[in-house]
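Let me begin by presenting the structure, written as structure tokens, before commenting on it.
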Amino acid sequence: MMSSRGRGKTFRLVWLDAVLLGLIVVVVLYLWRRASAEVFYRWDWSVVPEYLFYQNPETGDWRANLLMHGIYATLRLTFWGTLIALIIGLVMGCCRVSRNLFLRLVSRTYVEATRNIPPLVLIFIVYFFVSSQIMPLLGIADWARQTDGALRTMIEVSFGPIALIENFLSGLLVLALFEAAYFTEIIRAGIQSVEKGQWEAGGSIGLPRYKVMRYVVMPQAIQRTIPPLAGQLISLVKDSSMVSLISIQDLTYSGTQVAISTRKVFEIWIFIAVVYFVICFSLSLVSRWLERRMSRGLQ
Amino acid sequence: MNKTKRTLVSLIAGVVLIGMTGAAWAQNTGTNLASESVIEIIKKRGVLRIGLDFFVPWAMRAKNGDFVGFEIDVGTRVAKDMGVEVEFIPTAWDGIIPALMSGKFDVVIAGMSITPERHLRINFSEPYASSGMLIAANSKNVPGLTRASDFNKPNITIGAKRGTTGVDSAQKQAPLAKLRQYDEEVVGMQDAINGTIDAYFSSSPVPERAVASSEGRLYLPVKETFDGSLESFAMRKGDPDAIVFFNNWIRLRKHDGWLKERHDYWFIGNDWSDQVDVK
Chain A
1 MMSSRGRGKT
11 FRLVWLDAVL
21 LGLIVVVVLY
31 LWRRASAEVF
41 YRWDWSVVPE
51 YLFYQNPETG
61 DWRANLLMHG
71 IYATLRLTFW
81 GTLIALIIGL
91 VMGCCRVSRN
101 LFLRLVSRTY
111 VEATRNIPPL
121 VLIFIVYFFV
131 SSQIMPLLGI
141 ADWARQTDGA
151 LRTMIEVSFG
161 PIALIENFLS
171 GLLVLALFEA
181 AYFTEIIRAG
191 IQSVEKGQWE
201 AGGSIGLPRY
211 KVMRYVVMPQ
221 AIQRTIPPLA
231 GQLISLVKDS
241 SMVSLISIQD
251 LTYSGTQVAI
261 STRKVFEIWI
271 FIAVVYFVIC
281 FSLSLVSRWL
291 ERRMSRGLQ
Chain B
1001 MNKTKRTLVS
1011 LIAGVVLIGM
1021 TGAAWAQNTG
1031 TNLASESVIE
1041 IIKKRGVLRI
1051 GLDFFVPWAM
1061 RAKNGDFVGF
1071 EIDVGTRVAK
1081 DMGVEVEFIP
1091 TAWDGIIPAL
1101 MSGKFDVVIA
1111 GMSITPERHL
1121 RINFSEPYAS
1131 SGMLIAANSK
1141 NVPGLTRASD
1151 FNKPNITIGA
1161 KRGTTGVDSA
1171 QKQAPLAKLR
1181 QYDEEVVGMQ
1191 DAINGTIDAY
1201 FSSSPVPERA
1211 VASSEGRLYL
1221 PVKETFDGSL
1231 ESFAMRKGDP
1241 DAIVFFNNWI
1251 RLRKHDGWLK
1261 ERHDYWFIGN
1271 DWSDQVDVK
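Going down the list, the protein sequences come from chains A and B.
Following the working numbering, the numbering of the first sequence begins with 1 at its first residue and continues without gaps.
Following the working numbering, the numbering of the second sequence begins with 1001 at its first residue and continues without gaps.
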């Protein structure tokens, strides 16, 4: 219904659109002139491709450079962070509406404790106290260091350089825990927004409570939570830049390094803004596609 | 009665037990200090882990992504002299001292100046470098000045990087001037070029490099550096072996001229600029 209306409407330029577009162009040109008259800055965009991919002048080989590594690191954090945060959020969200008092207490404590601490403080607490006690016990770093061949390549592709794997896991843990607290509340709200009648209807046909949750309530709740979840996901991408404090070289920190070294600060920051925009905008598009798909499935 | 007695016995047993552990500890302290020193850990691991952040020309990223700079030369040489591999761990400046304190790396070699506040939390080695302030001033706004105190006027605006010795120096030399603090040095210098601020205080050689590439929009009012500071290796407290080792390493490399030669290459010469400059 909604999609057919959207498709049927054709776009036509009317005189008001033309005037508005013209005005925007004039304002942009004016700002550009003012800026270039007062600012002495030699633009040199070659810094961006140079630090994205480096060509060895002797052998002619190309390899990924600092900015590209930064993009990978941010994508890795985004991917794993989303996955873990969604799992924690889903479990905790269900606990929030559970009939079991203990589960409600646990999830409520988690949400309030995490949401009301500044993320930087949380990073420091988890990295310096929790993970420096737990990680050596788990022996992940030692195990990763002695791997070789395909397994090692796989680990490096999914978690970054072996030497910093503990830092990466700690950063990931903090990011996931922090964002999952918001996910929890979004999912709780989604579950509670499903009308009471749905629960009663499920119960009246003899389904046990968990099956009502699984087959009746959850599908509706998930569909309603997709827009706010997507918003929180986009925050996750942008919050991931905090992990530079614990030695992870994400996009922001790599960009800072290049800007300091080359002094081409504007080009680098504009480029980084564009990359974040592309990542976040793709997430918005995926969420919109999911939303449409799920609403079709439910009808 | 019986109950009181039992309580008393267990109390005494507890005290004795604690006392014994204490004595055992005291006995082990001497040997533990040597074997738990970070120097032993580095030797066993075969890798020296160095924490650093990026400042021109202390540590930078070359066009091929490699670490380059004075700091990098020093760190690589220390590791070579110890017979171990070197691992540089870039960490944002705000996180560098906490990370050192919790053992994420063995030593910080990052152009860190000795300050009493920092020294209360960590140990510093003997200084391996010293640096001083210079000013890059806007040629149109404030022409013809020759001393740092010439900037001490209420109608002058000075820029400096937050949390650095540049801020301290600006406040000391020109307390009447307005001070604007920047998170990024490049941005502050850009403001000085545009004339948004009148001068920018920073450690040498940042001002000289900015003046050289500004096509006359900036000039150096003061030729000699002032408000000097001392840079040292930073390490965790309570490790006498580490501090002795690094102190003697620095003394030796000062004495044989290696440190001075490297320092002059990065701070006085400009042969390295094509490693990082795009053009």
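Backbone N, C-alpha and C fix where the C-beta goes; we use that ideal spot for every residue, glycine too.
Note on geometry: alpha-carbon atoms of Trp199(A) and Leu101(A) lie some 20 Å from one another. The criterion of a C-beta distance shorter than 7 Å is satisfied by Leu1048(B) and Val1086(B). DSSP places Asp1227(B) outside any alpha helix (DSSP H); the residue lies instead in the beta strand (DSSP E), whose first and last residues are Phe1226 to Met1235. Assignment of Arg63(A) by DSSP, reduced to helix, strand and coil, places it in the strand class. Closer than 7 Å to the CB of Arg145(A) there is not a single CB belonging to chain B. With at least 16 other beta carbons inside 10 angstroms of its own, Arg263(A) counts as buried. Neighbours of Phe40(A) in chain B, taken as residues whose beta carbon is under 7 Å from its own, are Ile1193, Asn1194 and Arg1217 in chain order. Distance from the CA atom of His1119(B) to the CA atom of Asp1227(B), rounded to whole angstroms, is 19 Å.
Unbroken beta strand (DSSP E) runs of no fewer than 3 residues, entirely contained in the stretch 1182-1262 of chain B, are found at 1199-1203 and 1226-1235, following chain order.
Note on geometry: alpha-carbon atoms of Ala1212(B) and Gly1166(B) lie some 20 Å from one another. Between the C-alpha atoms of Leu1145(B) and Glu1208(B) there is a straight-line separation of about 16 Å. If you ignore the 5 residues before and after Glu291(A), its C-beta comes within less than 8 Å of the C-beta of Gln223, Ile226 and Pro227, all in its own chain and listed in chain order.
Counting of Cβ neighbours within 10 angstroms places Asn1248(B) among the exposed residues, the total staying below 16. Here the alpha carbon of Ile279(A) sits roughly 39 Å from the alpha carbon of Ser1204(B).
For Ala189(A), the closest Cβ of chain B is not nearer than 7 Å. Gly1103(B) and Ile1122(B) have their C-alpha atoms roughly 12 Å apart. Counted as a single uninterrupted DSSP element, the beta strand (DSSP E) harbouring Phe53(A) occupies residues Phe53 to Gln55.
Excluding five sequence positions before and after Met294(A), the CB atoms of its chain that fall closer than 6 Å to its own CB belong to Gln223, given in chain order. CA-to-CA, the gap between Asp1239(B) and Val1038(B) works out to about 7 Å. Phe183(A) is positioned such that its CB atom lies closer than 7 Å to that of Gly89(A). Annotation: Phe1067(B) to Arg99(A) spans about 57 Å, alpha carbon to alpha carbon.
In the three-state reduction of the DSSP assignment, Met1112(B) falls in the coil class, being assigned neither a helical nor a strand state. With respect to the 7 Å criterion, Ser131(A) and Ser158(A) are not classified as neighbours on the basis of their beta carbons.
By the CB criterion at 7 Å, Phe1055(B) and Gly1111(B) fall inside the cutoff. Annotated as proximal: Ile1050(B) and Val1107(B), with beta-carbon spacing under 7 Å.
Cβ contact annotation for Asp1053(B) (same chain, cutoff 8 Å, sequence separation greater than five): Ala1059, Pro1090, Thr1091, Ala1092, Trp1093, Ile1096 and Ala1110, in chain order. The C-beta of Gly1111(B) comes no closer than 7 Å to any C-beta of chain A.
Residue pairing by DSSP places Thr1157(B) opposite Lys1178(B) in a beta bridge. In its chain, beyond the 5 residues on either side, Phe53 have a beta carbon closer than 7 Å to the beta carbon of Ala64(A). For Met1133(B), the pairing in a beta bridge is given by DSSP as Ser1203(B) and Phe1226(B). For the stretch 16-42 of chain A, the set of positions with a beta-carbon nearer than 9 Å to some beta-carbon of chain B reads Glu38, Val39, Phe40, Tyr41 and Arg42 in chain order. Selection Pro1057(B), Ile1114(B), Tyr1128(B) and Arg1236(B) evaluated against Asp1274(B) yields Pro1057(B) as nearest (Cα-Cα).
Contact between Gly206(A) and Ala73(A) fails: their C-beta atoms lie close to 51 Å from each other, not under 8 Å. In the pairwise beta carbon analysis, the stretch 1185-1199 of chain B is classified as touching the stretch 1134-1141 of chain B: at least three pairs are separated by under 8 Å. No Cβ of chain B is located within less than 7 Å of the beta carbon of Gln198(A).
Contact check between the stretch 113-129 of chain A and the stretch 149-157 of chain A: fewer than three CB pairs, one atom from each, fall below 8 Å, which does not count as touching.
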